[in-house]
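All remarks here apply to the structure that follows.
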Amino acid sequence: MTATSAGEPRRRVTAHLVTETAVIGARVLFGQDPAEVVRGLGGLSPDTPLHAVDVLTELVEAPDGTPLHIDRVVFTRPGPRAAWPSAAAGSGLSPSPAELAAEEVLPEDRPRLRRFASYGIAVDPGGRVLLSLIAEGFPGAGTWHLPGGGVDAGEDARAALRREVAEETGQDGQVGDLITVSSHHRNPPGGHEIHAVWAFFHVFVPRPGPARVLEEDGSTADCGWFTPEEVAGLRLSTTAQRGLAHLARHSRP
């Protein structure tokens, strides 16, 4: 949400570009795409390719003592990719907690929701893909979805994904490399304006078991293991379509 409950950390998202000599960064405001923020920072054209290489979670206090939860998304261009993470060693990333303390001023014309979420493209040793079915009453109901969901206040993006995989499918997944980071902005007439930042990770389940939903009264109605051929015939959520399409494009030889 745009506001936090009393006692909860203020949520912030920043985007960073690793260059040959430094790591530069800026705050991601409501509705902004982190990749476009980075391209603007680096003076890059809109079609410049970028690699999302990491998501860092920083839990700190603002100068007034209020806790901050900062999700920092790190991008590189193809050339300086190897410079991360050594490029940031020994120095804090900018913008600093002090620079992020102030609340973003938004028009009060309608309710707004913001979310940082973590999703997994989860596979087993046989190459099957793990998916969850969105329950009735939730956005995307009836579509097959990637395991994952919102990162709770104070929670690391990878830890959140491992928790979600367990809750939604009963599997113990090993969260691996970041695949990509995507922005989702919806502004439906008469409804909540929504801005989400989605981080997609590789997840490996070394000892797969029968998929079963462990959470009660949650957003997951069912779950299962599917071959890639079976996945192609499923009705997929927007999130799943985006994550799987990116992986397919960048996995081609």
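Residue numbers (UniProt numbering): 1 to 253.
Cβ coordinates follow ideal geometry from the N, Cα and C atoms, glycine included.
Separation of residue 150 from residue 196, as counted between CA atoms: For this step, residue 196 is matched to residue 196 along the sequence shown. For this step, residue 150 is matched to residue 150 along the sequence shown. Here the alpha carbons of residue 150 and residue 196 stand approximately 9 Å from one another.
Contacts around residue 231, its chain only, beta-carbon distance under 6 Å, and the 5 residues preceding and following it disregarded: Position 231 of the sequence shown, counted from the first residue, corresponds to residue 231. If we look at residue 231 and ignore the five residues flanking it on each side, its Cβ neighbours are 129.
Contacting residues, own chain, Cβ-Cβ under 6 Å from residue 221 (five flanking each side not counted): Position 221 of the sequence shown, counting from 1, holds the residue named residue 221. If we look at residue 221 and ignore the five residues flanking it on each side, its Cβ neighbours are 133 and 135.
Residue 74, enclosing beta strand (DSSP E) - first and last residue: The residue given as residue 74 occupies position 74 in the sequence shown. Note, residue 74: beta strand (DSSP E), 67 to 76.
Residue 64 beta carbon less than 9 Å from that of residue 116: Here residue 116 corresponds to residue number 116 of the sequence shown, with the count starting at 1. Here residue 64 corresponds to residue number 64 of the sequence shown, with the count starting at 1. The answer is no: Cβ separation not under 9 Å.
Alpha carbon of residue 236 to alpha carbon of residue 153, nearest angstrom: Translated into positions along the sequence shown, residue 236 becomes position 236. Translated into positions along the sequence shown, residue 153 becomes position 153. Rounded to whole angstroms, residue 236 to residue 153 spans 28 Å at the Cα level.
Segment contact, 8 Å Cβ cut-off, at least three pairs: the segment 166 to 182 with the segment 200 to 219: The segment 166 to 182 is in contact with the segment 200 to 219.
Neighbourhood of residue 180 by C-beta distance below 6 Å, restricted to the same chain and skipping five residues each side: Start at 1 with the first residue of the sequence shown, and residue 180 comes out as number 180. Counting only Cβ-Cβ distances below 6 Å, and skipping sequence neighbours, we find 52, 200 and 246.
Residue(s) in a DSSP beta bridge with residue 133: In the sequence shown, counting from the first residue as 1, residue 133 sits at position 133. BP columns for residue 133 point to 144 and 222.
Supposed close pair residue 35, residue 56 - CB separation, criterion 8 Å: Walking along the sequence shown from the start, residue 35 turns up at place 35. Walking along the sequence shown from the start, residue 56 turns up at place 56. Taking a contact as a CB-CB distance under 8 Å, the pair residue 35 and residue 56 does not count as one, their CB atoms being some 17 Å apart.
Residue 248, buried or exposed, once every other Cβ within 10 Å from all chains shown has been counted against 16: One-based indexing of the sequence shown puts residue 248 at position 248. The residue is exposed, with fewer than 16 neighbouring Cβ atoms inside 10 Å.
Backbone CA spacing between residue 45 and residue 77 [nearest angstrom]: Within the sequence shown, numbered from 1, the residue matching residue 45 stands at position 45. Within the sequence shown, numbered from 1, the residue matching residue 77 stands at position 77. Spanning the two alpha carbons is a distance of roughly 12 Å.
Backbone secondary structure at residue 236 - three-state DSSP: Mapped onto the sequence shown, residue 236 falls at position 236. Here residue 236 sits in strand by DSSP.
Nearest neighbour of residue 178, chosen from 203, 167 and 191 [CA to CA]: Position 178 of the sequence shown, counting from 1, holds the residue named residue 178. Taking only the C-alpha atoms, the option nearest residue 178 is 203.
Boundaries (first-last residue) of the alpha helix (DSSP H) holding residue 112: Working through the sequence shown from its first residue, we reach residue 112 at position 112. Counting along the chain, residue 112 sits inside no alpha helix (DSSP H); it lies in the beta strand (DSSP E) bounded by residues 112 to 123.
Of the listed residues 14, 102 and 120, nearest to residue 67 (C-alpha basis): Counting from one through the sequence shown, the residue named residue 67 turns up at place 67. Cα-wise, what sits closest to residue 67 is 102.
Beta-carbon spacing of residue 25, residue 111 below 9 Å: Looking up residue 25 in the sequence shown gives position 25. Looking up residue 111 in the sequence shown gives position 111. Not closer than 9 Å, so no.
3 or more residues per run - each beta strand (DSSP E) lying fully within the segment 17 to 63: Note on the segment 17 to 63: whole beta strand (DSSP E) runs with a minimum of 3 residues are 23 to 27 and 51 to 61, in chain order.
Residue range of the beta strand (DSSP E) that includes residue 102: If you number the sequence shown from 1, residue 102 lands on position 102. First-last for residue 102: undefined, no H or E at that position.
Buried or exposed (CB count within 10 angstroms, at least 16 for buried), residue 39: As a first step, residue 39 is located in the sequence shown; it is residue number 39 there, counting from the start. The residue is buried, with at least 16 neighbouring Cβ atoms inside 10 Å.
For residue 234 and residue 62, the rounded distance between their alpha carbons: Taking the first residue of the sequence shown as position 1, residue 62 is located at position 62. Taking the first residue of the sequence shown as position 1, residue 234 is located at position 234. Going from the Cα of residue 62 to the Cα of residue 234 covers about 46 Å.
Per-residue burial, residue 228 [other beta carbons within 10 Å of its own, 16 or more giving buried]: Locating residue 228 in the sequence shown gives position 228, where the first residue counts as 1. The residue is exposed, with fewer than 16 neighbouring Cβ atoms inside 10 Å.
Per DSSP, cross-strand counterpart(s) of residue 174: Residue 174 sits at position 174 when you count from the first residue of the sequence shown. Looking at the DSSP assignment, residue 174 forms a beta bridge with 204.
Nearest to residue 109 (by Cα), restricted to the options 97, 140 and 190: The sequence position of residue 109 within the sequence shown is 109, counting from 1. Here the closest residue by C-alpha is 190.
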